[in-house]
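For the sequence shown, the positions run 178 to 549 when our numbering is used. Idealized CB from N, CA, C, for every residue including glycine. Following: one structure in structure tokens, then a few remarks.
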Amino acid sequence: MKNNWQTKKLGEVCDILDSKRKPITKRHRTSGKYPYYGATGILDYVDDYIFDEKLVLIGEDGAKWEPGEKTAFIANGKYWVNNHAHVIRPKRNIILDNWIVSFFFLNDITKYTTGLTVPKLNQANLRNIGIPLPPLPEQHRIVKILDEIFEHIAKAKENAEKNLQNSKDLFESYLQSIFTNPSSNFENKKIKEIAEIKGGKRVPRGYKLKYEKTRYPYIRVADFNDYGSVDLGDIRYIDKNIYEQIKRYIISTKDLYISIAGTIGKTGIIPQELEGANLTENACKLVFKDNIYNKYIYYFTKSRGFIKQAGLSTRKVAMPKMALSRLGSILVPIPKSLPEQKSIVAKLDSLSSQTRKLEEIYTKKIKNLEEL
């Protein structure tokens, strides 16, 4: 800290106006045009106001008081504040509103909070927070620099998020076009016409799956990832005795799994390492007939046509379980020849791979910008 800077307690450089704030329960609020503020910002709009000036609001609870978290913000005009945000009026002849906001954004003030389960920043501790205080011109200069930096970071993050979404949209558009506008050599087939639908099997009641590796992996819905396969990092196992009881309920790399309970509609193909693994009762497998490529059907399960027919897009409440009969009646637009199915899959694989690479790049960039 520079020689001409001081450190002052927040209570010395601000007036605390908490006594004026007042909560309104949701059922007692009347809708209006005035912002209703809480710990994290505007919660609602109401028909009356308490404050009619520019003030700084600081979250009392419900927020993290760590660097990079928005715990303080400026409110202006007419508005109402509940009792989850402190209300302070800076003494503007010695401290800027934005200096306070920047201080809370860039500093860890968890040491001033109390309570383990629900940490709170009480008024006494708020008053005692030490804040570095350079002369006003220096505050103006630093705040201007910070504003410019944050603006550039926000713009870069916005562009990265837009590019991330564009890459996803490109793949999604191509995927949907295949199944929405099939060519003349496609035919519609019900799933039950092209595959046998077989359920998985639960382990006997009371039996606990093993963490120790055996020859008999047991695949759960929790192991299904978002990219059409199974994560190998947390696979559980069964012993030989249990395997002998449920050995008919295994899955092959030539099949397609579909989760039918819990998280419904997750689909994919198991990796070679899990060939012959047992499958949970919360999923089923499609065992395909000749001239059907399982990965083509996997991509179809990502289409709007499958999602709509399976009832996964319109349900208002959680579906307890997907009926296998409903699954069997779903129509699939499918090329008559196996080589054409594989050609379409090759194009989708290539585009999917490129999309995932772009997602990794932009996701990492967004994370770096957030850290910056």
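- Annotated as distal: Lys-462 and Ile-322, with beta-carbon spacing of 9 Å or more.
- For Trp-257, the enclosing beta strand (DSSP E) stretches over residues 255-258.
- CA-to-CA, the gap between Ser-196 and Ile-265 works out to about 11 Å.
- Residue Asn-468 holds the alpha-carbon nearest to the alpha-carbon of Ala-372 among Asn-468, Val-398 and Gln-353.
- Ala-301: member of the alpha helix (DSSP H) spanning 300-305, first to last residue.
- Straight across, the Cα-Cα distance linking Ile-193 with Ala-337 is about 40 Å.
- DSSP places Ala-500 in no alpha helix (DSSP H); its state is neither H nor E.
- Between the C-alpha atoms of Asn-545 and Ala-333 there is a straight-line separation of about 11 Å.
- Under the DSSP assignment, Thr-540 falls in the alpha helix (DSSP H) whose first and last residues are 515-548.
- Around the C-beta of Pro-381, fewer than 16 other C-beta atoms lie within 10 Å, and the residue is accordingly described as exposed.
- Bounds of the beta strand (DSSP E) holding Lys-210 are 208-215.
- Here His-205 is not near Gly-236, since their CB atoms are 9 Å or more apart.
- Membership of Asp-192 in the beta strand (DSSP E) is indicated by the continuous run 191-193.
- Between Leu-303 and Leu-187, the C-beta gap is smaller than 9 Å, which places the two residues in contact.
- Contact annotation: Gly-218 and Asn-259 have beta-carbon atoms that are not nearer than 9 Å.
- Counting the other Cβ atoms within 10 Å of the Cβ of Tyr-388 gives fewer than 16, which makes it exposed.
- The beta carbon of Arg-198 sits closer than 6 Å to those of Val-258, Asn-260 and Val-264, all from its chain and outside the five residues before and after it, given in chain order.
- Residue range 471-477 is occupied by the alpha helix (DSSP H) that includes Lys-472.
- Scanning its chain for C-beta atoms nearer than 8 Å, with the 5 sequence neighbours on each side dropped, one finds around Ile-435 the residues Gly-442, Lys-443, Thr-444, Ala-460, Cys-461, Lys-462, Leu-463, Thr-478, Met-499 and Leu-504, in chain order.
- Shown here, His-263 sits in a strand according to DSSP, grouped into three states.
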